[in-house]
Ligand SMILES: Cc1cc2nc3c(=O)[nH]c(=O)nc-3n(C[C@H](O)[C@H](O)[C@H](O)COP(=O)(O)OP(=O)(O)OC[C@H]3O[C@@H](n4cnc5c(N)ncnc54)[C@H](O)[C@@H]3O)c2cc1C
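Quick look at the structure:
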């Protein structure tokens with residue numbers, strides 16, 4: 002394998018694609034992990050320095066493992082407060098009854114590559130001028146190189162009427178939360194018995210897995226079909242985007258699937274709030290008329306709601322002391 006990769010790299014270099022670009026392409030194709038296993042030492046480096054990684058999710062743990070392999074004398078500290086490492090794509094599968102909740106998490110300590118120093122804490126501030134981070138409980142930690150992998154934060158409070166703690170109230174659910182996914186599965190089973198109007202929404206910000214809100218909608222369709230209650234379920238999908246999916250290769254097929262499954266799609270709509278007592282979603286349709294944006298509020302009743310919270314980078318702590 003090592004010769005094969007070296008030959009491949011040389012061939013690419015002859016074609017004007019350098020190693021850095023090659024690995025970018027491999028990463029985009031999801032192949033870099035496979036190469037990393039075989040070729041770790043091919044890219045070893047005797048560079049020295051203390052590396053601090055913020056966040057031990059999928060990105061932080063894989064970055065720590067890769068750097069640990071590549072460096073001759075790794076000095077890597079990973080900071081993350083969570084004692085559990087979640088496989089978040091599994092949340093969709095909990096919510097559709099495919100996975101049990103315990104199948105989607107491991108103890109963080111069991112996921113930590115050997116040799117990595119884990120500080121179980123949160124970073125409260127970064128001072129790039131002094132090359133140090135301030136943790137909540139472990140003081141300041143200096144670094145030579147800083148890797149930021151804190152994921153996306155879910156901003157529940159940006160949906161009026163919703164809090165993370167009260168997810169599920171008024172049958173308003175979200176799989177973007179471990180507990181929320183479990184409540185969604187219970188509610189989905191109940192909904193398949195009672196039937197009614199189900200509303201599914203995404204959000205106007207970048208969000209983890211653009212597919213997840215669409216998947217839970219289609220999984221409801223699938224589940225109610227299996228329960229032979231699909232005719233009682235009236236499913237509707239609302240997206241904040243101007244199209245259902247922004248990857249042209251997939252869009253036509255996805256549109257066809259939604260059409261075949263009789264799920265109307267509403268474009269350019271944002272969720273402003275949810276009245277969980279009245280079981281109503283407060284939407285806003287955003288249209289561009291000439292140079293102007295026109296905002297039209299409207300309300301929809303629901304029996305079952307799956308919504309996606311707005312998300313953002315957790316960057317509030319990136320500021321000098
Ligand atoms: C419902 C759902 C379905 C999904 N489905 C898919 C799918 O089908 N396919 C797919 O490819 N992806 C899917 N994803 C997306 C995928 O799970 C994420 O892209 C991935 O988990 C991101 O990894 P990450 O390491 O960047 O962030 P995370 O896994 O979120 O990890 C971030 C880590 O940073 C830590 N952290 C945050 N702030 C601080 C701080 N201040 N100090 C220290 N540590 C901090 C957190 O504790 C956390 O452990 C899905 C996600 C969800 C929620």
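Numbering (the working numbering), first residue to last: 2 to 322. Where is the CB? At the ideal position from N, CA and C, for every residue including glycine.
| Asked | Found |
| --- | --- |
| Three-state class that DSSP yields for residue 139 in the structure shown | coil |
| Integer Cβ distance of residue 93 from residue 213, believed to fall under 8 Å | 5 Å |
| Distance cut-off 7 Å: residue 57 Cβ against heavy atoms of ligand 1 | yes |
| Residue 306 versus 61, 168, 206, 65, residue with shortest Cα-Cα distance | 168 |
| For residue 207, the nearest candidate out of 315, 79, 261 (CA to CA) | 315 |
| Residue closest to residue 179, alpha-carbon to alpha-carbon, out of 155, 297, 127, 201 | 155 |
| Spatial distance of residue 250 from residue 90 (CA atoms) | 22 Å |
| Closer than 7 Å: residue 218 CB and nearest ligand 1 heavy atom | no |
| Residue 179 CB to nearest heavy atom of ligand 1 below 7 Å | no |
| First through last residue of the alpha helix (DSSP H) which encompasses residue 254 | 252 to 261 |
| Distance, residue 278 Cα to residue 240 Cα | 23 Å |
| Residue 81 CB to nearest heavy atom of ligand 1 below 7 Å | yes |
| Proximity to residue 171 [Cα-Cα], best of 209, 252, 192 | 192 |
| Proximity test, residue 150 beta-carbon vs ligand 2 heavy atom, cut-off 7 Å | Ligand 2 is not part of the structure shown, which contains ligand 1 as its ligands. |
| Backbone secondary structure at residue 368 - three-state DSSP | Since the first and last residues shown for the chain are 2 and 322, residue 368 lies out of range. |
| Of the listed residues 294, 188, 259, nearest to residue 98 (C-alpha basis) | 188 |
| Contacts around residue 41, its chain only, beta-carbon distance under 7 Å, and the 5 residues preceding and following it disregarded | For residue 41, the pLDDT reaches just 47, beneath the cut-off of 50, and the residue's location in the model is therefore unreliable, leaving the point undetermined. |
| Three-state secondary structure assigned by DSSP to residue 267 | strand |
| heavy atom of ligand 1 below 7 Å from residue 93 C-beta | yes |
| Limits of the alpha helix (DSSP H) - the one that residue 67 falls within | 59 to 71 |
| Residue 105, DSSP secondary structure in three states | helix |
| Beta-bridge pairing of residue 276 - partner residues as DSSP gives them | 281 |
| Residue from 78, 223, 231, 173 with nearest C-alpha to residue 142 | 78 |
| In DSSP terms, what residue 288 is bridged to | 295 |
| Residue environment, residue 308, which counts as buried when at least 16 other CB atoms sit within 10 Å | buried |
| Range of the contiguous beta strand (DSSP E) that encloses residue 230 | Here residue 230 belongs to no beta strand (DSSP E), and DSSP marks it neither H nor E. |
| Neighbour-count burial assignment, residue 275, 16 or more Cβ in a 10 Å radius | buried |
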